[in-house]
Every structure is written in C-alpha cells, then in structure tokens.
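Residue numbers for the sequence shown follow the numbering used here, so the first one is 27 and each next one is one higher.
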Amino acid sequence: MREHRASLRRAIRQAERSGGGLDRLAARVAESRCLADLRARNLPAVEFPPELPISAHSGKLRELVREHPVLVVCGETGSGKSTQIPKICLNAGYGVHGMIGQTQPRRIAARSVAERISEELSSALGDVVGYRVRFSERVSDRNYIRVLTDGMLLAEFERDQLLERYDMLIIDEAHERSLNIDFLLGLSKRILKKRPEFRLIITSATLDSEKFSGHFDGAPAVSVSGRLYPVEVRYRPLSGDQSGLEAIPAGIGEAIAELHGESPGDTLVFLPGEREIRDAADWLGKRLKPGIEILPLYSRLTPAEQHRIFRPGQATRIILSTNVAETSLTVPGVRYVIDSGLARISRYSPARKLQRLPVEKISRASADQRAGRCGRVASGI
Numbered sequence: 027m028r029e030h031r032a033s034l035r036r037a038i039r040q041a042e043r044s045g046g047g048l049d050r051l052a053a054r055v056a057e058s059r060c061l062a063d064l065r066a067r068n069l070p071a072v073e074f075p076p077e078l079p080i081s082a083h084s085g086k087l088r089e090l091v092r093e094h095p096v097l098v099v100c101g102e103t104g105s106g107k108s109t110q111i112p113k114i115c116l117n118a119g120y121g122v123h124g125m126i127g128q129t130q131p132r133r134i135a136a137r138s139v140a141e142r143i144s145e146e147l148s149s150a151l152g153d154v155v156g157y158r159v160r161f162s163e164r165v166s167d168r169n170y171i172r173v174l175t176d177g178m179l180l181a182e183f184e185r186d187q188l189l190e191r192y193d194m195l196i197i198d199e200a201h202e203r204s205l206n207i208d209f210l211l212g213l214s215k216r217i218l219k220k221r222p223e224f225r226l227i228i229t230s231a232t233l234d235s236e237k238f239s240g241h242f243d244g245a246p247a248v249s250v251s252g253r254l255y256p257v258e259v260r261y262r263p264l265s266g267d268q269s270g271l272e273a274i275p276a277g278i279g280e281a282i283a284e285l286h287g288e289s290p291g292d293t294l295v296f297l298p299g300e301r302e303i304r305d306a307a308d309w310l311g312k313r314l315k316p317g318i319e320i321l322p323l324y325s326r327l328t329p330a331e332q333h334r335i336f337r338p339g340q341a342t343r344i345i346l347s348t349n350v351a352e353t354s355l356t357v358p359g360v361r362y363v364i365d366s367g368l369a370r371i372s373r374y375s376p377a378r379k380l381q382r383l384p385v386e387k388i389s390r391a392s393a394d395q396r397a398g399r400c401g402r403v404a405s406g407i
C-alpha cells in the first residue's frame with residue numbers, strides 16, 4: 027500500500043543503522059502486500075449509465091489516464107463528469123494501492139457526489155466511497171474513492187506532502203479558480219515530480235482547458251458535451267422604481283407568479299448571500315399562497331438542513347440558494363431557475379490585508395451553470 031511507504035522507508039533506515047529488525051520489517055511489507063491483494067480482489071464492478079454523455083468516452087479516458095500523468099477534461103453541464111470520472115479511474119485499476127481522491131469546492135457537493143457514486147456502485151456510503159467535509163465525514167479504510175472539499179485536502183497536505191494515501195487526484199470544478207484550487211494545482215505539480223506513478227485529472231465546466239494543459243506541460247485535454255434538455259432563457263429587467271438588493275424579493279415574486287401561472291414545478295432561486303435569502307424568504311412567506319414550501323440553502327446550514335432539498339414532497343417548493351447549488355448538484359423536481367445575476371465573491375484586499383465578500387455580478391460561465399440546474403432531467407425555464 028502506498029500509504030505505508032513513508033513508514034517503511036523510516037523503518038528501513040532505522041534497520042540499516044541498528045543492524046536489526048529485518049524480520050519485523052519483512053512482516054510489515056508482507057502485511058501491506060496482503061492488504062493490496064485483498065483490495066484488488068474486492069474491487070467493485072463498474073457500470074456506466076448510457077444516458078450520460080461521458081459514458082461514451084469512458085474507454086478513451088481510461089487509456090489516457092493510464093498513459094499520461096495529467097489529464098484535463100472539459101465537461102459541460104450534465105455530462106456526468108463529477109460522478110463518472112472516479113468510476114472510470116476505478117475501472118482503469120486505480121484505487122487499489124491508494125485511494126482515488128476527488129475534491130469539490132463545496133461541502134454539499136462533496137456529500138451529494140459521494141452519495142451518488144455509492145448508489146451507482148451498490149455500496150453503503152462510507153464503504154467503497156467515503157466523503158470528508160468540515161464538521162462531517164463518512165470514511166473507512168475500505169474506501170477506494172474519497173470525495174472531500176479542497177480545504178480538507180489542503181489540511182492533509184500538512185501531514186503528508188506527497189499524498190501517499192492516494193493513487194490519484196481529481197480536482198473537480200477547477201474553473202472556479204479559488205485560492206484553494208490554485209494551491210492544489212501548484213502542490214500537485216510538485217507531487218508529480220517526486221511520484222511518477224501519481225495521476226492528476228483536472229475537470230472544468232468551461233472551455234479553458236488550454237490554460238490547465240499549458241500549466242502541466244501540454245497535458246492532453248478532452249472535451250465532453252453536456253446532456254441538457256431545452257432551457258428557455260427570459261430576461262426581466264428591474265422596473266423603474268426598483269434598484270439595488272432591496273428590489274430582489276419583489277422581482278422574485280413577479281417571476282414566480284409568471285412561472286407558476288404556466289405550469290407547476292419547483293423553483294431554484296440564486297441569491298448573493300444568506301442575508302438576501304432571509305429577506306426573500308420573509309417577503310415571499312407573507313405573500314405566496316399557502317401550500318408552497320420555502321427552503322433556504324447556504325453553506326452555514328447543517329448537513330441535515332441542506333439535504334432537505336433532495337427530498338421532494340407533495341408541496342411546490344421554492345429553494346433560495348447561494349452559489350452552493352451552482353455546480354455538481356442535481357436538485358430533483360426543479361423546473362424553473364430564477365437568477366439574480368449576483369454573488370458574494372471572496373476577495374483579498376492587499377491594502378487592508380483583509381478578506382472581503384463583496385456582492386458582484388457573476389460571469390457568463392456561472393450564469394450558464396445556474397441555468398443548467400433546471401435542464402438536467404427535463405426542459406425548463
């Protein structure tokens with residue numbers, strides 16, 4: 027097992043200095059080999075859903091992973107890259123001597139991706155597939171795949187700078203280019219120089235694969251189309267007497283009235299932050315007709331509170347979310363998306379030496395990601 031190599035190297039050096047302990051060292055090596063053999067025999071069977079576009083590329087991606095230390099995958103919304111690439115790597119023989127690690131920028135995405143992969147591998151969460159996020163984890167020594175937030179993986183770097191526990195690393199949603207993701211890209215390049223067998227896959231939902239490929243010395247890049255049902259886009263400018271964040275709740279109410287007048291369905295609303303979500307929930311709660319459920323979604327909620335969005339009920343739902351629902355999530359029942367076009371973006375001010383969260387207009391790529399939340403399983407608006 028790769029995670030045992032560091033301790034075995036120390037034991038070898040100690041045995042060389044002392045001239046003894048070789049029997050214990052040989053026993054530890056044999057134990058590590060037996061564990062690797064056991065994991066190889068218990069590899070789960072892998073199948074790929076034919077309806078996902080990336081499944082048609084599974085053979086090509088499997089060979090590229092084996093042949094190249096770095097691979098860049100540009101997968102559009104709905105391509106299935108977050109859930110299927112770890113399975114492709116497992117099918118390629120990785121995950122036996124070390125785990126397949128996958129990072130997600132957000133906690134709710136890490137947990138939901140791990141749950142989906144576990145379900146597809148017919149395994150209980152925490153067994154074949156584990157996840158680790160801040161304040162919550164389901165992991166075990168039996169994990170072949172482990173999904174974790176980028177911050178949690180950076181914490182592991184402090185204890186293991188070569189990530190000996192991992193066969194390979196998948197950095198998902200790399201187009202977000204947060205400080206954590208940039209750190210991971212830089213640290214991974216250092217690992218590749220010292221561990222030639224290590225594999226790195228970078229996935230992005232936008233067409234910026236050339237940047238990532240160039241950073242890793244011309245790594246091969248593969249583009250995968252998305253699986254989106256038709257999504258109609260309607261633009262609603264603020265009326266003359268509406269301005270600023272205060273106008274958002276009324277604008278949401280008007281849009282909901284228009285959409286619900288056409289046909290029923292759940293609505294996902296993107297708002298800049300927690301305060302705007304509370305304001306919108308209060309405003310809508312006083313004006314919407316009874317029987318409509320309003321659900322908030324932001325990072326400070328507990329996992330149980332966040333998971334309510336994945337349990338559709340009898341009532342029509344309006345989910346008020348920050349950008350935590352922007353990527354790697356398929357919320358069941360969502361037919362409509364209302365996008366404020368705003369987000370709170372973490373910015374560092376060198377002059378003040380402070381981290382700020384100003385409200386800014388989102389990029390076109392983010393707008394496309396948000397629109398794609400309602401085109402996953404049916405057409406939407």
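The beta carbon of each residue, even a glycine, is placed where N, CA and C say it ideally should be.
Same chain, Cβ closer than 6 angstroms to residue i, neighbours up to 5 away in sequence not counted
i, result
"N349", "A369"
"K113", "V72"
Cut-off 8 angstroms between Cβ atoms - residues of its own chain near residue i, not counting five sequence neighbours on either side
i, result
"N117", "V72, S84 and R88"
"K220", "L188"
"F183", "L189 and L213"
"Y120", "V91, I126, D193, M194 and R225"
Neighbour flag for residue i against chain D, beta carbons, 8 angstroms
i, result
"R137", "The structure shown contains no chain D; it holds only a single protein chain."
Residue burial classification, residue i (beta-carbon count within 10 angstroms, cutoff 16)
i, result
"E102", "buried"
"P329", "exposed"
"R326", "exposed"
"L205", "exposed"
"C100", "buried"
"P275", "buried"
"P222", "exposed"
"C60", "exposed"
"G406", "buried"
"Q381", "exposed"
"K312", "exposed"
"D176", "buried"
Own chain residues within Cβ distance below 7 angstroms of residue i, not counting five before or after
i, result
"S415", "Because the chain spans 27 through 407 in this model, residue 415 falls outside it and cannot be assessed."
"D153", "S166 and R168"
"I318", "A341, T342 and I344"
"S108", "V139, D198 and S354"
"S149", "P70 and V155"
"H201", "S230, A231, T232, D234 and A391"
Heavy atom of the ligand SAH within 7 angstroms of residue i beta-carbon
i, result
"D394", "What this structure holds is no ligand at all, so the ligand SAH is not there to describe."
For residue i: DSSP bridge partner residues
i, result
"T293", "I344 and Y362"
"T129", "L174 and I197"
"E319", "R343"
"L69", "Paired residues: none, contrary to the question."
"T229", "V99"
"S249", "C100"
"V257", "G406"
Secondary structure, alpha helix (DSSP H): runs of 4+ residues fully inside the segment 141 to 224: 176 to 185 and 205 to 220
In chain order, each alpha helix (DSSP H) run of at least 4 residues that lies wholly inside the segment 331 to 404: 390 to 397
For the segment 380 to 396 against the segment 291 to 310, do three or more pairs of beta-carbon atoms, one drawn from each stretch, fall closer than 8 angstroms, so that the two count as touching? Verdict: yes, contact present.
The segment 126 to 143 contacting the segment 339 to 356, beta-carbon criterion three pairs below 8 angstroms: yes
Counting beta carbon pairs with one atom in the segment 215 to 231 and one in the segment 52 to 69, are three or more of them shorter than 8 angstroms? no
Cβ pair count under 8 angstroms reaching 3, the segment 153 to 161 against the segment 185 to 205: no
When you compare the segment 336 to 343 with the segment 364 to 383, are there three or more beta-carbon pairs, one atom per stretch, that lie closer than 8 angstroms? No, they do not touch.
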